[in-house]
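Protein chains in written order, with numbering that gives the first Met the number 0: chain A, 0 to 233; chain B, 0 to 233.
To keep things clear, I will list the structure first and then write my remarks on it.
Protein chains: 2
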Amino acid sequence: MKNILVAEDETAIRDFVVINLERAGYNVTEAENGAVALKKYDEANGDFDIAVLDIMMPEMDGLTVCKELRKRNGGLGIIMLTAKTQEMDKVSGLMHGADDYVTKPFSPMELVARVDALYRRIAIAEMRSENNFKEEIKSGDFTLNLKHHSLKKNGKLIELTQVEFQIMEYFFSNPGTALDRSAILKYVWGEQYVGEEKIVDVNIRRLRMKVEDNPSSPKYIVTVWGLGYKWDTN
Amino acid sequence: MKNILVAEDETAIRDFVVINLERAGYNVTEAENGAVALKKYDEANGDFDIAVLDIMMPEMDGLTVCKELRKRNGGLGIIMLTAKTQEMDKVSGLMHGADDYVTKPFSPMELVARVDALYRRIAIAEMRSENNFKEEIKSGDFTLNLKHHSLKKNGKLIELTQVEFQIMEYFFSNPGTALDRSAILKYVWGEQYVGEEKIVDVNIRRLRMKVEDNPSSPKYIVTVWGLGYKWDTN
DNA sequence: GACTATTTTGATAAAATTTTAACAGACAGG
DNA sequence: CCTGTCTGTTAAAATTTTATCAAAATAGTC
């Protein structure tokens with residue numbers, strides 16, 4: 000898990016990237032050009048979450064590698080490294096396929112932040128796509144129907160709004176796990192949402208009013224003090 | 000454990016550094032230049048926690064060594080020694096990779112303090128990252144569930160606050176080990192916390208109330224007189 | 001046994017976090 | 001338009017946690 004493939008021909012930059020990603024907790028595989036990158040990808044049976052590719056490389060340029068990788072795995076996260084803004088303009092039309100790009104020179108913080116952000120997106124997307132296979136998720140007396148967007152408690156239908164439904168989806172995908180507000184916020188409202196984190200609390204309250212036997216002493220949506228909430232299953 | 004690699008070409012300074020680190024309880028390996036440092040690192044199979052590197056050295060300069068070491072072990076602690084502030088400015092852009100730096104001339108106290116601080120950071124970071132892989136830690140009748148943020152004693156749930164939970168995490172990561180207040184303080188409250196060390200005692204008490212069969216004669220959280228506490232497993 | 005250092009304990013005040021309720025804009029359906 | 005629902009914002013109330021303090025108890029030492 001957290002596997003990254005880095006393709007960059009300049010040794011200095013590659014080392015820089017590899018070091019900083021490793022320090023951030025990623026498991027990095029490095030390649031000195033596009034052809035090698037593709038080879039290493041196949042050798043590892045595509046067991047990567049993210050690829051960081053330089054655009055300008057000998058043997059095979061980053062855009063080609065990007066296209067090839069996308070063919071193999073549509074869900075792979077891809078970040079391109081571009082030298083100048085000009086270069087970016089030239090190829091921007093070809094940038095589709097990449098999820099994000101970072102222009103050189105970049106700071107360690109910037110790189111890691113982008114990769115982290117992409118990783119979160121990927122992880123959430125993966126969770127969502129897993130739920131696509133399921134029709135419904137059961138948990139105790141509750142049944143969340145993903146297809147009909149409905150929630151039943153002991154067979155009794157509970158109407159949920161869009162936001163409420165998504166929170167429940169997140170809960171049901173991680174039963175018993177303590178989820179912090181920031182994670183809930185990102186799952187439901189998305190990465191770039193601007194606004195109060197308190198919105199989570201307010202919606203939790205609304206959910207409790209609908210879901211709990213006694214909203215004043217929650218049994219299902221339990222608060223984890225100083226952290227967030229969890230869907231309790233006991 | 001507590002192994003340090005010191006690379007410095009000037010004999011006088013090297014001796015100074017080595018003597019003081021050894022007095023502080025570290026196990027020091029010394030090298031007279033960067034190339035030797037790297038060789039000794041590999042010979043010891045990378046069994047070091049921290050490397051102290053002079054920037055200006057013959058054969059191979061400190062920054063290069065730093066980069067090489069980082070490639071081998073992303074979690075290694077690295078402290079750079081720089082001659083003047085000016086020199087630091089020049090290379091500050093290349094400082095990535097180092098965790099800290101000390102400018103010459105420096106006092107024994109300063110050096111040891113920096114190394115100690117870094118060592119603690121490294122140790123805590125390592126412990127935390129190990130716990131990331133685990134879902135729960137068992138110890139006797141107790142199960143600390145890191146995912147659910149819960150503690151169970153013989154299957155019975157015990158509610159813990161944030162601070163209490165972290166203390167338990169520290170205990171469970173070091174069962175049977177006598178932990179001094181200062182270490183507990185740093186793990187739970189962080190390096191730069193300002194306040195009474197007694198706060199540890201108070202929270203230990205609250206934990207005992209929740210965890211012990213008879214809080215007046217603790218069986219699990221045992222006090223080690225003149226030192227601190229330990230999680231007893233017998 | 002007396003003395004000192006250290007730890008335990010309980011009370012209380014302060015700080016942090018969560019819950020609750022009320023409000024107002026946006027939006028969709030009639 | 002009008003109306004009702006959904007949503008995010010805000011502020012006050014309630015709750016929980018946390019820190020500090022000082023007295024009591026305990027362990028260690030001479």
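C-beta: ideal position from N, C-alpha, C; glycine also.
Notebook entry, point to check: From Ser181(A) to Leu117(A), what distance separates their C-alpha atoms?
Noted result: 16 Å
Note to self: Against chain B, which members of the region 216-227 of chain A pass a CB distance test of less than 7 Å?
What the structure shows: Val223, Trp224, Gly225 and Leu226
Check: What is the DSSP secondary structure of Asn155(A), counted as helix, strand or coil?
Finding: In the sequence on display, residue 155(A) carries Lys and not Asn. Correct three-state label for Lys155(A): strand.
Item checked: Continuous beta strand (DSSP E) stretch holding Ile77(B): start and end -> Gly76 to Thr81
Notebook entry, point to check: Curious, which full-length beta strand (DSSP E) runs of at least 3 residues does the region 172-230 of chain A contain?
Noted result: 220-223 and 227-230
Item checked: Residues bridged to Leu4(A) [DSSP beta-bridge criterion] -> Thr28(A) and Ala50(A)
Next item on the list: Look at Glu158(B) and Lys146(B) and say whether their C-beta atoms are less than 7 Å apart.
Entry: no
Margin query: Check whether chain B comes within 7 Å of Ile203(A), counting only Cβ atoms and requiring the distance to be less than that.
Written below: no
Check: From this set, Val64(B), Asn144(B) and Tyr100(B), which residue's C-alpha is nearest Leu80(B)'s C-alpha?
Finding: Tyr100(B)
Margin query: My assumption, with CB atoms under 8 Å, is that Leu178(A) sits in contact with Lys218(A). Please give the rounded CB distance.
Written below: Rounded, the Cβ-Cβ distance is 17 Å, inconsistent with contact.
Next item on the list: Kindly give me the distance between the Cβ atoms of Glu247(B) and Leu184(B), rounded to whole angstroms, as I take these residues to be in contact under 8 Å.
Entry: In the structure displayed, chain B extends from 0 to 233; residue 247(B) sits before or after that span and is not available.
Check: In angstroms, rounded to a whole number, what distance separates the CA positions of Thr232(B) and Ser216(B)?
Finding: 15 Å
Next item on the list: May I ask you to report which of helix, strand or coil DSSP gives Asp72(A)?
Entry: Per the sequence shown, the amino acid found at residue 72(A) is Asn instead of Asp. Of the three classes helix, strand and coil, the one that applies to Asn72(A) here is coil, per DSSP.
Note to self: Taking 7 Å as the threshold (C-beta atoms), are Ser149(A) and Phe171(A) in contact?
What the structure shows: no
Margin query: I'd like the span of the beta strand (DSSP E) that includes Ser138(B), first residue to last.
Written below: Glu135 to Ser138
Margin query: So the candidates are Leu143(B), Pro104(B) and Asp98(B); which of them puts its Cα closest to the Cα of Ile121(B)?
Written below: Asp98(B)
Next item on the list: Starting from Tyr100(A), follow its DSSP beta bridges and name the residues at the other end.
Entry: Met79(A)
Checklist line | Three-way DSSP call (helix, strand, coil) for Thr10(A) in this model | finding: helix
Notebook entry, point to check: Between Arg69(B) and Leu62(B), what straight-line distance do the alpha-carbon atoms span, to the nearest angstrom?
Noted result: 10 Å
Checklist line | Counted within 10 angstroms of its Cβ, other Cβ atoms place Leu143(A) as buried (16 or more) or exposed | finding: buried
Next item on the list: Determine, using beta-carbon pairs with one atom in the region 26-36 of chain B and one in the region 48-59 of chain B, whether at least three such pairs fall under 8 Å.
Entry: yes
Item checked: Per-residue burial, Gly227(B) [other beta carbons within 10 Å of its own, 16 or more giving buried] -> buried
Next item on the list: Check whether the Cβ of Arg22(A) lies closer than 7 Å to any Cβ atom in chain B.
Entry: yes
Notebook entry, point to check: Tell me which same chain residues have a C-beta within less than 7 Å of the C-beta of Lys66(A), skipping the five on either side of it?
Noted result: Gly96
Notebook entry, point to check: Comparing the C-beta of Lys39(B) with each C-beta of chain A, is any distance below 7 Å?
Noted result: no
Item checked: Simplified DSSP assignment, three categories, for Thr142(A) -> strand
Check: So, does the CB of Thr176(A) fall closer than 7 Å to a CB anywhere in chain B?
Finding: yes
Note to self: For Ile18(B) and Ala6(B), I'd like the C-alpha separation in whole angstroms.
What the structure shows: 14 Å
Next item on the list: Could you work out which residues of chain B lie near Val17(A), taking near to mean beta carbons separated by less than 9 Å?
Entry: Arg69, Lys70 and Gly73
Next item on the list: Go ahead and label Tyr25(A) buried or exposed: buried means 16 or more other beta carbons lie within 10 angstroms of its beta carbon, across all protein chains shown.
Entry: buried
Notebook entry, point to check: Any idea what DSSP makes of Tyr106(B), helix, strand or coil?
Noted result: As written in the sequence, residue 106(B) is Ser, which differs from the Tyr given in the question. Correct three-state label for Ser106(B): coil.
Item checked: Boundaries of the alpha helix (DSSP H) in which Asp41(A) is found, first to last residue -> Gly33 to Glu42
Next item on the list: Express the C-alpha separation of Pro214(A) and Glu190(A) in angstroms, rounding to a whole number.
Entry: 30 Å
Check: Would Thr28(B) be called buried (16 or more neighbouring beta carbons within 10 Å of its own) or exposed?
Finding: buried
Notebook entry, point to check: Tell me, which residues are paired with Ser149(B) by DSSP?
Noted result: Asn144(B)
Check: For the region 134-155 of chain A, which residues have a CB atom closer than 8 Å to at least one CB atom of chain B, in sequence order?
Finding: none
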